[in-house]
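Here the structure is laid out as structure tokens; the discussion comes afterwards.
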Amino acid sequence: MVDPSVVDSVAALARLDLDPAQRERLISDLGKILAHIEMLDRVDTTDVPITSHPLDATDVDAADEPIASLPVAEGLRNAPDREGDLFRVPPVLGGDG
Amino acid sequence: MSAWETIIGLEVHVQLDTATKLFCRCAYEYGGQPNTQTCPVCLALPGALPVLNREALRLGIRTALAVGADVATHTKFDRKNYFYPDLPKGYQISQFDEPFCSGGAITIEFKDGSTKRIGITRIHLEEDAGKSTHRDTGGSVVDLNRCGVPLLEIVSEPDMRSPEEAYRYLTALKLTLRYIGVSDCDMEKGSLRCDANVSVRPRGQEAFGTKVEIKNLNSFRNVQRALEFEVARHTAALEHGSEEIVQQTRLFDATTGETRPMRSKEQAHDYRYFPEPDVPPVTIAGDEVEAIGATLPELPRAKVDRLATAHGLPRYDGWVLAEEPSVADYFEEAVAADAANDPKAVSNWVTNEVKRVLNEGTHTIDAFPIPSGALSGLIAMQRDGAVSATQAKEVFQGMLETGDDAPTVAKARGLEQLSDTDALETAVRAAIDACPKAVADVRAGKEKAKGAIVGHVMKQTRGKANPGVVQQLIDRVLAE
Chain A
11 MVDPSVVDSV AALARLDLDP AQRERLISDL GKILAHIEML DRVDTTDVPI
61 TSHPLDATDV DAADEPIASL PVAEGLRNAP DREGDLFRVP PVLGGDG
Chain B
-9 MSAWETIIGL EVHVQLDTAT KLFCRCAYEY GGQPNTQTCP VCLALPGALP
41 VLNREALRLG IRTALAVGAD VATHTKFDRK NYFYPDLPKG YQISQFDEPF
91 CSGGAITIEF KDGSTKRIGI TRIHLEEDAG KSTHRDTGGS VVDLNRCGVP
141 LLEIVSEPDM RSPEEAYRYL TALKLTLRYI GVSDCDMEKG SLRCDANVSV
191 RPRGQEAFGT KVEIKNLNSF RNVQRALEFE VARHTAALEH GSEEIVQQTR
241 LFDATTGETR PMRSKEQAHD YRYFPEPDVP PVTIAGDEVE AIGATLPELP
291 RAKVDRLATA HGLPRYDGWV LAEEPSVADY FEEAVAADAA NDPKAVSNWV
341 TNEVKRVLNE GTHTIDAFPI PSGALSGLIA MQRDGAVSAT QAKEVFQGML
391 ETGDDAPTVA KARGLEQLSD TDALETAVRA AIDACPKAVA DVRAGKEKAK
441 GAIVGHVMKQ TRGKANPGVV QQLIDRVLAE
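Here is the structure:
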């Protein structure tokens, strides 16, 4: 079981509007997932460095040389709404803009 | 001393001057047509993979070295999650617990020459967001050109104790960044942005007061003004209980000079940082850091130190010259070309006349019509008395317009000062004959009356006589 308030808070952060049945199911599912992961607690990881990336690759980088950007029409093709060549979105408050 | 102590920390974002964005190869230019500088990566289309622009990291390392920060041997990127329409991925690729460098400081200098070290907490790389514009008619429009432009976030320690110190920190930081060529730092184009954190506490108290963050600061002066407003507001609240200071983000209004709370959803930020799986970790070799360090130019304070010690200039002159490295270079070339080796005279010309012309914006120092050697030539003419101070300024103007050297311009415009004693003596004798009243007054001890005689000589020579030589000649002739 996971604390229902954690599910509420994560849902709010993810902008998910859960109905009561979905909420119950997530409380149960997330509890099971966390319990599964908690198996790791049984392993002594004192000397194991934190894994911050699943691949062994490092330094995958590119030269600072421009290539053509998308044509505007192509870039805006998925826009649900637009004003000229700008994406149009509903009003927003706050945020990090 | 006030009973209150102000604590200020600054967070500066600078856009790095790379050819392409941080994780894709779109070029970015400020002011481009909306949404013309995007690609699947910066639009966050499914399946697109970010690839680090190593040059952005190099510029970051350059900055780290310039402020004396320690460059890490290993660094990684993290996702900072939040929702906003100008952030199509729903997260910003940033750096959380393993930034590419740590520590460092900026030293600020006050008018009296005293200095203070402002610590830097951290510098990290991250991508910029797009730009949303709110419409009065409701809704917002979004231009995603800026999405993914490389930014350095430079966070200071809460080491500043007054709005003036904050202003000086920003000025010094910007100068350093421009010297090392990592950013144009143009606030009007948004390539340098600043947020300020401020709190006030009773002097002697260790715990910080309630902190307020100020945004929407579009110039260094406005940072100072906004901080002054906040300090007064906090102090009044502490002294008179005029209001309760709450921890919040406030916006500065440049027209009123006041700050007001930013409307935002009442929800604490929870960015749920986690390692960015799409960008593998980065290693930084000592060789790479060393190679970057070898290309660092002389930094502003070192330059001012040198101008002061090598040329005996006041530090004030040094700072004015060092505002543009190429202006300081021009000054040093002119000094080298000056036979009498008078750096202060050269500095006066460069900091006044040359800087005035540069500030008018019609000329740049790199293509200045008056070569440094020609300026030295003009200074020499003035020193030798060939032109007066006023004439020298006219000659300067002529040199600016024609590109000719000082003697050529002076000759062409008839601006040569008459210093030839023999020629002037005739004029002086004529003037003495023509002004018996003034002569009598001078003989009676009225020194001022000499002005009338000088004036007469000037009239005869159409203003070209060297006033110093004329004065001497009058004294000599009258003493006969």
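Protein chains in written order, with the working numbering: chain A, 11 to 107; chain B, -9 to 470.
Just so it is clear, CB atoms sit at the ideal spot from N, CA and C, and this is done for glycine as well.
In chain order, Pro78, Leu134, Cys137 place their CB closer than 8 Å to the CB of B/Leu33, counting only its own chain and leaving out the 5 sequence neighbours on each side. Leaving aside the five residues that flank B/Ala9 on each side, the residues in its chain whose CB is nearer than 8 Å to its CB run, in chain order, Ala17, Glu45. Excluding sequence positions up to five before and after B/Ser316, its CB lies within less than 8 Å of the CB of Ile355, Asp356, all in the same chain and listed in chain order. Against B/Leu368, chain A offers no close residue; the least beta-carbon distance is about 44 Å (beta-carbon pairs closer than 7 Å). In the structure shown, A/Ala72 adopts extended strand secondary structure according to DSSP, grouped into three states. Leaving aside the five residues that flank B/Asn187 on each side, the residues in its chain whose CB is nearer than 6 Å to its CB run, in chain order, Gly(-1), Lys201, Glu203. At a cut-off of 8 Å, the C-beta of A/Thr68 has a neighbouring C-beta in chain B.
Distance from B/Gln5 to B/Ser181 at the Cβ level is roughly 4 Å; contact confirmed, criterion being Cβ atoms closer than 8 Å.
Contact annotation: the stretch 213 to 228 of chain B touches the stretch 138 to 157 of chain B, with at least three C-beta pairs closer than 8 Å.
B/Gln82 is positioned such that its CB atom lies no closer than 8 Å to that of B/Ala56. For B/Ala156, the uninterrupted alpha helix (DSSP H) segment begins and ends at 153 to 169. Here DSSP, grouped into helix, strand and coil, assigns B/Pro426 to helix. Beta-bridge analysis with DSSP links B/Lys121 to B/Asp133. Here B/Phe13 has Val31, Cys32, Pro40, Val41, Leu42, Asn43, Ile83, Glu117, Gly138, Val269 as same chain residues with Cβ atoms under 8 Å from its own Cβ, once five neighbours each way along the sequence are excluded. Pairing B/Leu414 with B/Leu408 gives a Cβ-Cβ distance under 8 Å. DSSP, read as helix, strand or coil, puts A/His46 in helix. Ser79, Leu80, Val82, Gly85, Leu86: these are the residues of the stretch 79 to 90 of chain A whose beta carbon lies less than 7 Å from some beta carbon of chain B, given in chain order. Boundaries of the beta strand (DSSP E) harbouring B/Pro140: 140 to 146, taken from the DSSP string. Note on B/Glu266: 16 or more other CB atoms within 10 angstroms of its CB, so buried under the neighbour-count rule. Separation of B/Ala382 and B/Val145 (C-alpha to C-alpha, rounded to the nearest whole angstrom) is 48 Å. Look at the beta carbons and you see the stretch 67 to 76 of chain B not touching the stretch 98 to 105 of chain B: under three pairs across the two are nearer than 8 Å. 8 Å or more divides the Cβ of B/Pro251 from the Cβ of A/Leu96.
Annotated three-state conformation of B/Arg305 is helix, per DSSP. Ranked by Cα distance from B/Glu313, the options B/Ile98, B/Pro290, B/Gly128 are led by B/Pro290. B/Ser130 counts as buried, since no fewer than 16 other beta carbons sit within 10 angstroms of its beta carbon.
With respect to the C-alpha of B/Thr26, the residue from A/Ala31, A/Arg98, A/Gly94, A/Val82 having the closest C-alpha is A/Val82.
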